[in-house]
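A.B. asks: Numbering (the working numbering), first residue to last: 208 to 425.
Let me begin by handing over the structure; questions about it come next.
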């Protein structure tokens with residue numbers, strides 16, 4: 208817990224300033240601004256991925272065929288989901304560095320041509336390097352909101368990765384990075400076709416209705 212920070216000119220004990228800022232972007236985003244969550248998945252190595260958890264028609268657990276082939280190619284998947292409607296953009300790269308991260312940031316910038324863009328992500332070296340900071344000077348609409356250390360739950364890109372793995376990787380066998388890139392684009396398009404807004408917080412439970420009513424007479 209933070210030691211008596213100031214929040215909106217008011218001293219409030221026990222408030223985490225970084226967490227408060229992230230949650231505020233979800234619940235009360237700035238006017239005419241876009242909030243996106245960004246993260247990297249990987250490295251994804253060409254191999255056979257097990258299928259999504261499930262059971263076959265005869266009641267047996269679905270298993271993937273064993274595949275011990277491993278290639279030297281590694282692929283990183285950059286992803287960002289727009290909070291207000293759930294639309295996502297992805298980019299595959301052979302490495303995770305400042306150059307690829309800056310190239311990736313151009314995608315949400317092009318997808319949102321108007322207003323500021325608040326990017327919620329973790330504070331990796333490539334996200335806050337000198338090269339990236341200099342690149343951001345030429346792109347003033349992009350503003351970073353770094354999550355606290357050990358609080359990846361604040362990044363809504365994490366649950367989107369779970370959907371992506373099921374849609375694009377589960378039960379697939381990849382021979383090279385080109386196939387991973389193809390599966391990434393196909394899965395992103397499929398998830399965008401049925402995207403919904405990401406809402407922060409757990410919805411209120413629905414009131415339970417009595418299915419039967421018993422009356423006892425004494």
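By construction, the Cβ of each residue, glycine as well, lies at the ideal position given by its N, Cα and C atoms.
Since we're looking at a predicted model, the values are computed, not measured.
Buried or exposed, going by whether 16 or more other CB atoms sit within 10 Å of the CB of residue 334?
C.D. replies: Taking the first residue of the chain shown as position 1, residue 334 is located at position 127. Per the 10 Å Cβ criterion, buried.
A.B. asks: Does DSSP classify residue 276 as helix, strand or coil?
C.D. replies: Walking along the chain shown from the start, residue 276 turns up at place 69. Residue placement at residue 276 cannot be trusted, given a pLDDT of 47 that sits under 50; what the coordinates show is reported in the next sentence. In this structure, residue 276 counts as coil in the three-state DSSP scheme.
A.B. asks: How about residue 307 and residue 297: do their beta carbons lie closer than 8 Å?
C.D. replies: Locating residue 307 in the chain shown gives position 100, where the first residue counts as 1. Locating residue 297 in the chain shown gives position 90, where the first residue counts as 1. Taking C-beta atoms as the reference points, residue 307 and residue 297 fail to come closer than 8 Å.
A.B. asks: Among 236, 232, 253, 242, whose alpha-carbon lies nearest the alpha-carbon of residue 378?
C.D. replies: Indexing the chain shown from 1 puts residue 378 at position 171. That would be 253, whose Cα lies nearest to the Cα of residue 378.
A.B. asks: Check whether the region 319 to 334 touches the region 344 to 355, taking contact to mean three or more Cβ pairs, one atom from each stretch, closer than 8 Å.
C.D. replies: yes
A.B. asks: Could you pull the start and end residues of the beta strand (DSSP E) that residue 283 belongs to?
C.D. replies: Position 76 of the chain shown, counted from the first residue, corresponds to residue 283. Bounds of the beta strand (DSSP E) holding residue 283 are 282 to 289.
A.B. asks: Could you name the residues that DSSP lists as bridge partners for residue 351?
C.D. replies: Taking the chain shown and counting its residues from 1, one reaches residue 351 at position 144. DSSP lists 326 as partners of residue 351.
A.B. asks: Pick out whichever of 325, 360, 246, 345 has its Cα sitting closest to the Cα of residue 226.
C.D. replies: Taking the chain shown and counting its residues from 1, the one referred to as residue 226 is at position 19. Comparing Cα positions, the closest option is 360.
A.B. asks: Below 8 Å between beta carbons: does that hold for residue 240 and residue 351?
C.D. replies: Your numbering for residue 240 matches position 33 in the chain shown. Your numbering for residue 351 matches position 144 in the chain shown. Not a contact, by the Cβ cut-off of 8 Å.
A.B. asks: Determine the direct distance from the alpha carbon of residue 309 to that of residue 342, and round the result to whole angstroms.
C.D. replies: The residue you call residue 342 lines up with position 135 of the chain shown. The residue you call residue 309 lines up with position 102 of the chain shown. C-alpha separation (whole angstroms): 7 Å.
A.B. asks: Give me the residue from 375, 251, 391, 318 with the minimum Cα distance to residue 292.
C.D. replies: To locate residue 292, count along the chain shown from 1; it is residue 85. Closest in C-alpha terms to residue 292, from the list 375, 251, 391, 318, comes 318.
A.B. asks: DSSP state of residue 402, grouped into three classes?
C.D. replies: Counting from 1 along the chain shown, the entry for residue 402 is found at position 195. Coil, per DSSP.
A.B. asks: Would you give the residue range spanned by the alpha helix (DSSP H) that residue 318 belongs to?
C.D. replies: As a position in the chain shown, residue 318 is number 111, starting the count at 1. Element bounds for residue 318: 305 to 318.
A.B. asks: DSSP three-state call for residue 236: helix, strand or coil?
C.D. replies: For the purposes of this step, residue 236 is taken as residue 29 along the chain shown, with counting starting at 1. The answer is coil: DSSP assigns residue 236 none of H, G, I, E or B.
A.B. asks: Would you say residue 282 and residue 250 are within 8 Å of each other, going by their C-beta atoms?
C.D. replies: The sequence position of residue 282 within the chain shown is 75, counting from 1. The sequence position of residue 250 within the chain shown is 43, counting from 1. Yes, Cβ-Cβ distance for residue 282 and residue 250 is below 8 Å.
A.B. asks: Expressed to the nearest angstrom, what Euclidean distance is found between the alpha-carbon atoms of residue 387 and residue 238?
C.D. replies: On the chain shown, position 180 is the one that residue 387 refers to. On the chain shown, position 31 is the one that residue 238 refers to. Looking at the two C-alpha atoms, the distance is approximately 37 Å.
A.B. asks: For residue 247 and residue 414, what's the separation of their Cα atoms in angstroms?
C.D. replies: Position 40 of the chain shown, counted from the start, is the residue given in the question as residue 247. Position 207 of the chain shown, counted from the start, is the residue given in the question as residue 414. Roughly 39 Å between the two C-alpha positions.
A.B. asks: Can you give me the C-alpha to C-alpha distance between residue 397 and residue 374, rounded to a whole angstrom?
C.D. replies: Numbered from its first residue, the chain shown carries residue 397 at position 190. Numbered from its first residue, the chain shown carries residue 374 at position 167. Rounded to the nearest whole angstrom, the C-alpha separation of residue 397 and residue 374 is 8 Å.
A.B. asks: In whole angstroms, what separates the C-alpha of residue 336 from that of residue 304?
C.D. replies: Locating residue 336 in the chain shown gives position 129, where the first residue counts as 1. Locating residue 304 in the chain shown gives position 97, where the first residue counts as 1. Cα to Cα, the separation comes out at about 9 Å.
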